[in-house]
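Trainee:
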Amino acid sequence: MGQIKDGKPSSIEALLNISFDATAKKIFVAGSITVDDKSYDEQVLQDFSTGKQYVVVSGQCIATAITEPFPQTCTSPTAKKLATTFVGAGQNKLIVELYNDDVDGKKTDITVLQGSCIPVSAYQKSGQTVTFINYLGITAGISNATIFDIPKPCKNATIMPENTRHFKSTVLFR
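Counting from 175, one number per residue, gives the positions in the sequence shown under this note's numbering.
This is how it looks when you write it as structure tokens:
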């Protein structure tokens, strides 16, 4: 993601593993994030069934309430289909559909595999911020359900009343 911050260019790069269980209404995100030149590892567990979020950065936990509903996991009914095209070449090409949507007041382009909700890429521009996401290594199912357990540093955490969804990006989860 790139943005202009205080008149200067700023960037955020992330390599994140995202797991979500739409039935249990839980999302787990873990990975490395670089803001300008500073990197850190982060874990986020969002449990929409209990209304709690746990963010662990450098071994420290911040627990907050979530009052918003579990994000939808496909393009919205108002999304406008722009094109059906392909990624790759020859026998290695994938047929994809490109949609445009207005997500929280932000113009968003999202590419999904044809006839599915499996994301390929997303692009969002809002003001002076541009976000581009590639979705890689997608698999069906959760191979290790313990990722949805409350992180150890958060076992005795007090839940703060603020509703601050750390990864509140419809682009990530749509």
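Beta carbons: idealized from backbone N, C-alpha and C, even for Gly.
Predicted model only: the values in this text are computed from it and were never measured.
Residues in its own chain within less than 8 Å of Tyr273 by CB, not counting five upstream and five downstream?
Mentor: Excluding sequence neighbours, Tyr273 sits near Thr249, Ala253, Lys254, Lys255, Leu256, Asp283, Ile284, Thr285 and Val286.
Trainee: Rounded to the nearest angstrom, how far is the Cβ of Ile201 from that of Gly225, given a contact under 8 Å?
Mentor: Ile201 to Gly225, Cβ: 13 Å. No contact.
Trainee: Can you tell which of Val270, Phe222 and Lys326 has its C-alpha closest to the C-alpha of Phe260?
Mentor: For Phe260, the nearest C-alpha among the options comes from Val270.
Trainee: Could you name the residues of the same chain whose beta carbon sits closer than 7 Å to that of Ile321, not counting the 5 residues immediately before and after it, in chain order?
Mentor: The residues are Ser193 and Phe202.
Trainee: Are the C-beta atoms of Pro327 and some chain D residue less than 8 Å apart?
Mentor: Judged by its chain identifiers, the structure shown contains no chain D, having just a single protein chain.
Trainee: Cα separation between Ala198 and Pro325?
Mentor: Each residue's alpha carbon lies about 17 Å from the other.
Trainee: Considering only their Cβ atoms, is the gap separating Cys235 from Pro335 smaller than 8 Å?
Mentor: No, these two residues do not count as a Cβ contact at 8 Å.
Trainee: Out of Phe222, Pro293 and Val229, point me to the one whose CA is closest to Glu242's CA.
Mentor: For the residues Phe222, Pro293 and Val229, the minimum Cα distance to Glu242 belongs to Phe222.
Trainee: Does DSSP classify Pro293 as helix, strand or coil?
Mentor: Correct three-state label for Pro293: strand.
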